[in-house]
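Here our numbering is used: position 16 in the sequence shown is 16, and no number is missing along the way. Structure first, commentary second.
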Amino acid sequence: MGVMGDSVRFIGSGDSFGSGGRFQTCILGSLGGKRFLIDCGASSLIAMRAQGIDPNSIDAILLTHMHGDHCAGVPFVLVDAMLGAKRTTPLVVAGPAGTRESMEVLREALFPGSRMMRPKFPYEYVELSARKAQDVAGITVTPYPALHTPETSPTMLRVACGGKTVTYTGDTDWTEDLIAAADGADLLIAECYFYDKPIKMHMNYATLKKHLPRLHAKSVVLTHMSEDMLRRVAEIPERCASDGMVIEL
Ligand SMILES: [Zn+2]
Ligand SMILES: [Zn+2]
């Protein structure tokens, strides 16, 4: 059973290009007393401050892939934790193979010299293997391969804690692995980039709609929408994310 207060908040529901004036992908899960971010796009620290979310309250950051609109907020959160927020509690950053290297290179590119800084709190990277349930700071995370730019090590994430499960597609074209990733989940967060325009390595609404009956999640919410998709939000029956939206589970 989930505990009172289990929820998902869309700190950022946007795409890479600022469509709709939305913040880049950043989803706050509060499950079973744990708090984690699923993805942390470049704008995420700003979005957290705008919504009154204390970055020091986050136990883990779980990354789907290495595109900047999903992971480039990590160096900002880390440098803030060391300098501004004076964090003392542990922080884990988990993602696909190569996460540690990518995050360290990105941090040094954005904040040259920051490599020399040592966090005063326990800071750890965890690199996850596909289709394997792994413990990250008390949260069970299972990545599934996604169909997206291969250089980004793309994954979908199934995240379980306190008896509740949330699945996020990350960025991906339709892939049969989503059936297992979403099976029985309390909430499926699905990328929905365009309405019916086929676009390589991303999901559109027509494709998702076609496969929805095969996805056995208890509820679904669409996110990562382009201007094209945002114009259609009023005419589709599925729930669509917006910045600051909270879904109780
Ligand atoms: Zn993206
Ligand atoms: Zn991407």
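Glycine included, C-beta positions come from ideal geometry on N, C-alpha and C.
### Message
ligand 2 and Asp39: does any heavy atom of the ligand fall closer than 7 Å to the residue's C-beta?
### Response
No, Cβ of Asp39 sits at least 7 Å from all heavy atoms of ligand 2.
### Query
How many Å lie between His224 and Asp39 at the Cα?
His224 and Asp39: Cα-Cα distance of roughly 12 Å.
### Cα-Cα separation, Gly184 to His65
Taking the Cα positions, Gly184 is about 24 Å away from His65.
### Query
Can you tell me whether Lys210 is buried or exposed, with buried defined as 16 or more other CB within 10 angstroms of its CB?
By the neighbour-count definition (other C-beta atoms within 10 Å, threshold 16), Lys210 is an exposed residue.
### Task
Starting from the N-terminal end, write out each residue whose C-beta falls within a distance shorter than 7 Å of any non-hydrogen atom of ligand 1.
Each of Asp15, Ser16, Thr25, His67, Asp69, His70, Asp171 and His224 has a C-beta closer than 7 Å to some heavy atom of ligand 1; these make up the full list, in chain order.
### Query
From Glu104 to Pro150, what does the alpha carbon distance come to, in whole angstroms?
One Cα belongs to Glu104, the other to Pro150, and the distance between them is close to 20 Å.
### Query
Distance, Cα to Cα, Met1 vs Tyr125?
At Met1 the pLDDT is 46, less than 50, meaning the model places this residue with poor confidence and gives no usable figure here.
### Query
Taking C-beta to C-beta, are Leu249 and Ser7 nearer than 8 Å?
Taking C-beta atoms as the reference points, Leu249 and Ser7 count as a pair closer than 8 Å.
### Message
Can you list, in chain order, the residues of its chain with a C-beta nearer than 7 Å to that of Ser226? Leave out the 5 residues immediately preceding and following it.
### Response
Asp15, Ser19, Tyr193 and Phe194, listed in sequence order.
### Task
May I ask you to report which of helix, strand or coil DSSP gives Ala47?
Assigned with DSSP and collapsed to three states, Ala47 falls in helix.
### Message
Any heavy atom of ligand 2 inside 7 Å of the beta-carbon of Thr152?
### Response
In terms of side-chain proximity, the C-beta atom of Thr152 is found nearer than 7 Å to a non-hydrogen atom of ligand 2.
### Task
Just tell me which of Ala50, Ile46, Ser102 and Ala137 has its CA closest to the CA of Phe76.
Cα-wise, what sits closest to Phe76 is Ile46.
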